[in-house]
Amino acid sequence: MKTHKIAVIAGDGIGPEVIDEGIKVLNEVAKIDKTFKFEFTKFPWGCDYYAQHGVMMPKDGIHTLSKFDAIFLGAVGRPDVPDHISLWDLLLVIRKSFDQYVNLRPVKLLNGAPCPLKKAKTTDVDMIFVRENSEGEYAGSGSWLFKDKPNEVVIQNGVFSRHGCERIIRYAFELAKQKNKTLTSISKGNALNYSMVFWDKIFKEISLEYPEVKTYSYLVDAASMFMVKDPKRFEVVVTSNLFGDILTDLGAAIAGGMGLAAGANLNPERKFPSMFEPIHGSAPDIAGKGIANPLATVWSASQMLDFFGHENWGAKLIEIIEEILVEKKVLTPDLNGTASTQEVGNEVINKLHMI
Ligand code: NAD
Ligand code: IPM
Ligand code: MN
5 MKTHKIAVIA GDGIGPEVID EGIKVLNEVA KIDKTFKFEF TKFPWGCDYY AQHGVMMPKD
65 GIHTLSKFDA IFLGAVGRPD VPDHISLWDL LLVIRKSFDQ YVNLRPVKLL NGAPCPLKKA
125 KTTDVDMIFV RENSEGEYAG SGSWLFKDKP NEVVIQNGVF SRHGCERIIR YAFELAKQKN
185 KTLTSISKGN ALNYSMVFWD KIFKEISLEY PEVKTYSYLV DAASMFMVKD PKRFEVVVTS
245 NLFGDILTDL GAAIAGGMGL AAGANLNPER KFPSMFEPIH GSAPDIAGKG IANPLATVWS
305 ASQMLDFFGH ENWGAKLIEI IEEILVEKKV LTPDLNGTAS TQEVGNEVIN KLHMI
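Residues 5 to 359 (this note's numbering) make up the sequence shown, in order.
Below is the structure:
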């Protein structure tokens with residue numbers, strides 16, 4: 005029997021609450037399938053660990069994680085720890101160290117999910133974002149000169165390499181080709197006169213290799229407007245790290261909210277473990293209340309199942325999420341329900357047994 009070894013970093017706030025449900029669901033899937041199983045190893049890293057040890061994870065943390073097939077992450081961040089420390093020293097360092105350069109984020113409106121767009125049908129909001137996840141605005145290049153002096157200056161560089169742009173854009177073209185979908189590039193070449201002009205040039209170059217894929221190119225400001233006014237324009241979307249971060253929260257808003265938005269950080273070559281996580285944060289405003297929506301985490305578990313080649317189960321979990329949304333009987337308060345995090349997790353498991 006195949007064993008998938010998963011490192012679990014539940015993290016902070018609602019992270020542990022939602023990740024427990026994700027683990028429960030994955031174990032149940034494996035139990036029913038009988039041809040594979042999961043072995044979960046929990047690491048207590050995050051802001052509590054930082055408060056005790058002064059670091060977000062041990063020095064050899066990346067080496068430890070490198071032995072696993074995948075990482076399942078809840079969320080990181082606590083109000084009393086500076087966000088740039090908690091995120092750079094855990095989440096971002098994992099994405100970078102394991103060259104998880106593809107951040108795959110579905111923006112798909114399921115039946116029954118609340119949508120603030122008055123006239124949108126489920127078929128109108130069905131996108132997959134391919135967010136560059138290793139460089140760009142998140143390269144971490146810059147400096148802070150004359151810190152705390154009246155003449156202080158900060159510089160934050162965007163780093164766009166040919167290698168980095170080509171590989172993410174090519175990945176998006178392959179995905180669009182395989183799914184027979186259009187591909188939209190979102191950039192900002194009118195103002196970012198080096199980085200985004202370069203991005204657009206590479207998008208054009210690679211498009212020549214894929215004459216069968218219909219392409220569009222939008223400026224990020226107009227794209228944000230169109231995502232709200234006319235979301236069906238977008239199918240597969242490729243964009244930079246920061247734009248992808250922002251646009252996928254907007255995407256979450258039009259596809260049912262943060263409680264339903266999932267993401268996969270992939271190293272497509274499988275040289276290193278990939279990481280699966282809901283895209284929301286630690287939600288300190290509702291942490292500890294047992295009311296966080298675990299469905300985003302279940303959706304990211306479905307992405308993990310896809311990644312391991314269990315696409316039938318990946319699709320099944322999405323169907324179950326949709327059924328739960330349509331029935332409206334067991335939903336957390338963010339979706340106007342009264343159920344707890346655990347009750348929603350249990351409902352996913354009930355439905356797994358109804359197959
Ligand atoms: P957030 O995503 O944590 O919360 C935004 C809003 O959405 C809050 O009102 C929250 O209650 C709600 N929400 C989020 N997830 C929910 C869920 N599963 N169910 C119900 N409601 C949900 O964003 P924020 O408040 O900007 O950030 C909080 C902390 O999380 C910060 O420290 C931030 O840096 C961090 N963060 C971490 C990650 C990550 O670890 N992947 C992602 C984003 C933000
Ligand atoms: C996300 C988060 C992270 C990001 C933060 C927490 C660094 O917002 O995964 O969307 O910006 O990538
Ligand atoms: Mn984000």
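For glycine and all other residues, C-beta sits at the position ideal for the given N, C-alpha and C.
* Between the CA atoms of Leu-223 and Pro-83 - distance to the nearest angstrom -> 34 Å
* Counterpart residues of Trp-148 in DSSP-defined beta bridges -> Val-158
* Does the segment 208-227 come close enough to the segment 173-186 to have 3 or more Cβ pairs within less than 8 Å? -> yes
* At what residue ranges does the segment 16-102 contain a whole run of the alpha helix (DSSP H), taking only runs of 4 or more? -> 19-37, 51-57, 65-69, 87-90, 96-101
* Determine the extent of the alpha helix (DSSP H) in which Ile-173 is found, giving its start and end residues. => 166-183
* To do: Work out the CA separation of Met-5 and Asp-289 for me, nearest whole Å.
  => 42 Å
* **Meets three-Cβ-pair contact criterion under 8 Å: the segment 103-112 and the segment 128-137** => yes
* To do: Report the partner residues of Gly-267 according to the DSSP bridge assignment.
  => Glu-281
* To do: Taking all protein chains shown into account, decide if Val-106 is buried (16 or more other Cβ within 10 angstroms of its Cβ) or exposed.
  => buried
* Asked: If we count the other Cβ atoms within 10 Å of its Cβ and call it buried at 16 or more, is Phe-311 buried or exposed?
  -> buried
* **Ser-344 versus Leu-299, Tyr-54, Glu-326, residue with shortest Cα-Cα distance** => Leu-299
* For Gln-104 and Leu-91, the rounded distance between their alpha carbons -> 15 Å
* Asked: Quick one: complete alpha helix (DSSP H) runs, 4+ long, within the segment 310-341?
  -> 315-331
* **Secondary structure, alpha helix (DSSP H): runs of 4+ residues fully inside the segment 196-234** => 199-211, 224-233
* Asked: By Cβ distance, which residues of its chain are closer than 7 Å to Lys-28, with the 5 residues on each side in sequence left out?
  -> Gly-349, Ile-353
* Asked: When a residue counts only if its C-beta is closer than 6 Å to some heavy atom of the ligand MN, which residues count, in chain order?
  -> Asp-249, Asp-253, Ile-283
* Segment limits, alpha helix (DSSP H) that includes Asn-245 -> 245-258
* Does the segment 236-243 touch the segment 259-266, meaning 3 or more C-beta pairs lie closer than 8 Å? -> no
* Asked: What are the boundary residues of the alpha helix (DSSP H) that Val-348 is part of?
  -> 345-356
* To do: Can you tell me which of Asp-234, Lys-185, Ala-291, Cys-169 puts its alpha carbon nearest to the alpha carbon of Lys-218?
  => Lys-185
* To do: On a CA-only basis, which of Lys-355, Gly-318, Leu-321 is nearest Lys-333? Give me that one, please.
  => Lys-355
* Spatially closest choice to Met-231 from Ala-257, Leu-246, Ile-210, Ile-206, by CA coordinates -> Ala-257
* To do: For Met-200, collect the residues of the same chain with a Cβ closer than 7 Å to its Cβ; drop the 5 residues on either side in sequence, then sort them by chain order.
  => Ser-191, Lys-192, Gly-193
* **Cβ-heavy atom distance, Val-106 to the ligand NAD, below 6 Å** => no
* Would you say Ala-74 touches the ligand NAD, meaning its beta carbon is less than 6 Å from a heavy atom? -> no
* To do: Kindly examine the ligand IPM and report whether one of its heavy atoms sits closer than 6 Å to the Cβ of Leu-91.
  => yes
* Neighbour flag for Gln-56 against chain C, beta carbons, 7 Å -> Reference to chain C is not applicable here, since this structure consists of a single protein chain.
* Measure the CB-CB distance between Ala-296 and Val-80 and report whether it falls below 7 Å. => no
* Grab me the residues of Ala-227's own chain with a C-beta within less than 6 Å of its C-beta, minus the 5 sequence neighbours each way, in chain order. => Ile-190
* **Contacting residues, own chain, Cβ-Cβ under 8 Å from Gly-260 (five flanking each side not counted)** => Leu-113, Leu-114, Ala-117, Pro-118, Cys-119, Leu-329, Leu-339
* For Ala-143, which of helix, strand or coil comes out of DSSP? -> strand
* To do: Compute the distance between the beta-carbons of Pro-277 and Phe-102, then report whether it is under 7 Å.
  => yes
* **Nearest residue (CA-CA) to Thr-39, options Gln-346, Gly-313, Phe-238** => Gly-313
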